[in-house]
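Position in the sequence shown (first residue = 1) + 52 = my numbering.
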Amino acid sequence: MTKGERAKEIADILEFHYPEVPIPLEHYDPYTLLIAVLLSAQSTDVRVNKITPLLFEKASTPEEMIQLSVEEIRSIIRPVGLSPMKSKGIYELSHILLDKHEGKVPKD
Numbered sequence: 053m054t055k056g057e058r059a060k061e062i063a064d065i066l067e068f069h070y071p072e073v074p075i076p077l078e079h080y081d082p083y084t085l086l087i088a089v090l091l092s093a094q095s096t097d098v099r100v101n102k103i104t105p106l107l108f109e110k111a112s113t114p115e116e117m118i119q120l121s122v123e124e125i126r127s128i129i130r131p132v133g134l135s136p137m138k139s140k141g142i143y144e145l146s147h148i149l150l151d152k153h154e155g156k157v158p159k160d
């Protein structure tokens, strides 16, 4: 059996046993999931899930997020770690989505 065939067999077994894999990060839509995933780097899902409600209360769309300053975002997300880079990333990502994708997370 080749590696590819073995990988396919394992994927089929996993699909059979786990057809619906829950996403442990709390989110409302593709944008909030994207932000939660960005925050989860070098952090735990539990910690991210404690912070995202605070962030999404202030801004849950790219339009709302760019109304916050990088420093405001940073002050909210500080407990998840790496907040200087993550806050810049969230702010810039929101701009990219607005500038290039009409504020929507692309499917591909």
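By construction, the Cβ of each residue, glycine as well, lies at the ideal position given by its N, Cα and C atoms.
Compare the C-alpha of residue i against each of the options and name the closest.
i    : options                : result
H153 : E115, K138 and S135    : E115
I142 : L66, P131, T96 and Y83 : Y83
P76  : S127, L106 and V98     : V98
May I ask which residues mark the beginning and end of the alpha helix (DSSP H) holding residue i?
i    : result
E154 : No alpha helix (DSSP H) contains E154, which DSSP labels as neither H nor E.
R126 : V122 to I129
E67  : K55 to H69
A88  : P82 to S92
Going by beta carbon distance, what residues of the same chain come within less than 8 Å of residue i, once the five residues before and after it are set aside?
i    : result
E123 : S139
M53  : E61
Cβ of residue i within 9 Å of Cβ of residue j?
i    : j    : result
G133 : S95  : yes
T104 : A88  : yes
S146 : M117 : yes
L91  : V100 : yes
K102 : P131 : yes
Just mark residue i as buried or exposed, buried being the case when its beta carbon has 16 or more other beta carbons within 10 Å.
i    : result
A63  : exposed
L66  : exposed
F108 : buried
L120 : buried
A111 : buried
I148 : exposed
Looking only at its own chain, which residues have a Cβ that is under 6 Å from the Cβ of residue i, when we skip the five neighbours before and after it?
i    : result
V157 : P82, Y83 and L86
I128 : L106 and L107
P71  : none
Who are the near neighbours of residue i in its chain, counting only those whose CB is closer than 7 Å to its CB and skipping five residues on each side?
i   : result
H79 : L85 and A88
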